[in-house]
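Protein chains in written order, with the UniProt record's numbering: chain A, 1 to 244; chain B, 1 to 244.
A virtual CB, placed ideally from N, CA and C, is assigned to each residue, including glycine.
Just so we're clear, the structure is a prediction, and the values are computed from it rather than from any experiment.
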DNA sequence: AAGTGGTCTAGACCACAGC
DNA sequence: CTGTGGTCTAGACCACTTC
């Protein structure tokens, strides 16, 4: 077996055995090289695999640390998006913050573009304009989610939906006030590795991400498509559905 | 910016521009090193990031190839797990194969163990035995999903559920015949990097995976917990739920 | 300034694929 | 056998954190 795998396996065992507890700093790369009788390059390759698996967190200039157990954000979309929540004046992200006890904040960038590929899912012409709401959502100041909403401009034109702040109950409450009564949501869940751009926003240590596309419907009409990206190790999505 | 990032960005651009089309082979590592004026190590680092992002597939001894667009398996759990499907004598994986047009196969390993941590979710004592059905599911011979089901042995004892083949309609059909009428499912979706063991089973090129835990309920009673692992780039999970 | 991880080199040998 | 990627080395210098 390759040396770097042997080193990785030994380090994993040491972490599992508690020799390096949560948050503990591992020996430096040169120290590990000497201990295992391998070059620093090989040690780095071993540490890289541990980092990929999320076992350790590498901090430039500081050291390598055993990743403490994550506080997982559990999202039950159906509850979180319920009309009841909106009537409590809570948007989806605020409802989540409320339940999990973190301080939410977000920055929003608004733009208007041709719908292009999104025309198909929204049921509009590719050249019709959409309102793009590009958000970075933070928990206690740390970015935890990227979300890009697109809404047909025929719905948003001249409304607060084209402003940074959408007001109590969030965007969905405003959409319903426009006369589009939301009937159901569809969520399409995928995953993958974070791109360099996503890591720049969510944190360089982020590896795997969950990608969720939520489509909000008013009857047969799709009124919003929201593409979200979140670090996989920080989220759990929960869905319930009947057996028949 | 680091050289390996520059190289990676240039290769990405070349792929996006179509200079290297889907399935095309990239120049060899020494060739790229010469072209960009960097060492082979640096080229490998660049290619590694492309591989992580799923843009290219590395084949030992053959070369580096632009990953062709994936045939994504779209799973609509609610439909796939419907009673109607079971009454068509199709288990979940068979129903999926039917819909997407691949030839399914699977190998099953049966074991009996104390429930331990799974006792909590199944509502039984941690020392009560569960029947463990450990499966590798293949599409056209290629492993595409790992699934480990655990069922309380009080349900499975002496039934075909403790055999390799569960018969028409799959395990859920047998559970209902035991008198446990399924009422609803819960699915908890997470993600992460594949472990070395998972890569050994699903393919060494697999990076990000989706992890789905499905819990089947008969009323308030959980009758099965099924932990599934699937390559993230091959799956899309679809859920619908009402807005109220 | 000292200590940590990040990048890079030139070269060697190994393992796998394909003729 | 040849060509490809996989592993490994010893050493150098850079960038970030901390004192």
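Contact test: residue i Cβ vs the ligand FAD heavy atom, cutoff 6 Å
{"i": "residue 31(B)", "result": "Ligands are entirely absent from the displayed structure, and the ligand FAD is therefore not among its contents."}
Chain A contact residues for residue i, given Cβ-Cβ distances below 9 Å
{"i": "residue 185(B)", "result": "239, 240, 241, 242 and 243"}
{"i": "residue 53(B)", "result": "192, 193, 194, 195 and 196"}
Interface flag, residue i vs chain B, CB-CB below 7 Å
{"i": "residue 182(A)", "result": "yes"}
{"i": "residue 78(A)", "result": "yes"}
{"i": "residue 34(A)", "result": "no"}
{"i": "residue 236(A)", "result": "yes"}
{"i": "residue 16(A)", "result": "no"}
{"i": "residue 46(A)", "result": "no"}
{"i": "residue 199(A)", "result": "no"}
{"i": "residue 207(A)", "result": "yes"}
Chain-ordered chain B contacts of residue i [CB-CB under 7 Å]
{"i": "residue 4(A)", "result": "None at all; the shortest Cβ gap to chain B is about 12 Å."}
{"i": "residue 233(A)", "result": "192"}
{"i": "residue 82(A)", "result": "244"}
{"i": "residue 210(A)", "result": "191"}
With 16 other Cβ atoms within 10 Å as the buried cut-off, status of residue i
{"i": "residue 156(B)", "result": "buried"}
{"i": "residue 52(B)", "result": "buried"}
{"i": "residue 117(B)", "result": "exposed"}
{"i": "residue 112(B)", "result": "exposed"}
{"i": "residue 107(A)", "result": "exposed"}
{"i": "residue 145(B)", "result": "buried"}
{"i": "residue 190(B)", "result": "buried"}
{"i": "residue 236(B)", "result": "buried"}
{"i": "residue 91(A)", "result": "buried"}
{"i": "residue 166(A)", "result": "buried"}
{"i": "residue 84(B)", "result": "exposed"}
{"i": "residue 28(B)", "result": "exposed"}
{"i": "residue 137(A)", "result": "buried"}
{"i": "residue 69(A)", "result": "exposed"}
{"i": "residue 169(B)", "result": "buried"}
{"i": "residue 19(B)", "result": "exposed"}
{"i": "residue 8(B)", "result": "buried"}
{"i": "residue 224(B)", "result": "buried"}
{"i": "residue 123(B)", "result": "exposed"}
{"i": "residue 204(A)", "result": "exposed"}
{"i": "residue 46(A)", "result": "buried"}
{"i": "residue 218(B)", "result": "buried"}
{"i": "residue 200(A)", "result": "exposed"}
Option nearest residue i by Cα separation, candidates the options
{"i": "residue 160(A)", "options": "99(A), 110(A) and 53(A)", "result": "110(A)"}
{"i": "residue 48(B)", "options": "22(B), 5(B), 25(B) and 16(B)", "result": "5(B)"}
{"i": "residue 139(B)", "options": "93(B), 59(B) and 20(B)", "result": "93(B)"}
{"i": "residue 72(A)", "options": "212(A), 234(A), 167(A) and 228(A)", "result": "234(A)"}
{"i": "residue 164(B)", "options": "179(B), 105(B) and 188(B)", "result": "105(B)"}
{"i": "residue 244(B)", "options": "226(A), 216(A), 227(A) and 224(A)", "result": "216(A)"}
{"i": "residue 36(A)", "options": "10(A), 56(A) and 125(A)", "result": "10(A)"}
{"i": "residue 22(A)", "options": "28(A), 14(A) and 29(A)", "result": "14(A)"}
{"i": "residue 242(A)", "options": "184(B), 169(B) and 220(B)", "result": "184(B)"}
{"i": "residue 114(A)", "options": "130(A), 122(A) and 120(A)", "result": "130(A)"}
{"i": "residue 31(A)", "options": "43(A), 24(A) and 68(A)", "result": "43(A)"}
{"i": "residue 50(B)", "options": "223(B), 123(B), 26(B) and 186(B)", "result": "26(B)"}
{"i": "residue 121(B)", "options": "82(B), 45(B), 149(B) and 17(B)", "result": "149(B)"}
{"i": "residue 38(A)", "options": "223(A), 2(A) and 55(A)", "result": "2(A)"}
{"i": "residue 245(B)", "options": "152(B), 133(B), 17(B) and 204(B)", "result": "This structure does not reach residue 245(B), given that chain B is present from 1 up to 244, and the question cannot be answered."}
{"i": "residue 100(B)", "options": "125(B), 119(B), 74(B) and 187(B)", "result": "74(B)"}
{"i": "residue 158(A)", "options": "221(A), 178(A) and 169(A)", "result": "178(A)"}
{"i": "residue 154(A)", "options": "103(A), 222(A), 87(A) and 239(A)", "result": "222(A)"}
{"i": "residue 141(B)", "options": "86(B), 41(B), 97(B) and 59(B)", "result": "97(B)"}
{"i": "residue 132(A)", "options": "226(A), 239(A) and 201(A)", "result": "226(A)"}
{"i": "residue 67(A)", "options": "187(A), 16(A) and 135(A)", "result": "16(A)"}
Chain A contact for residue i (CB, 7 Å cutoff)
{"i": "residue 188(B)", "result": "yes"}
inquiry  = With a threshold of 8 Å, are at least 3 pairs of Cβ atoms found where one atom belongs to the region 165-178 of chain A and the other to the region 187-198 of chain A?
reply    = no
query = Is it a yes or a no for the region 202-210 of chain B touching the region 223-241 of chain B, going by three-plus beta-carbon pairs under 8 Å?
reply = yes
query = At a cut of 8 Å, does the region 211-220 of chain A reach the region 52-72 of chain A through at least three beta carbon pairs?
reply = no
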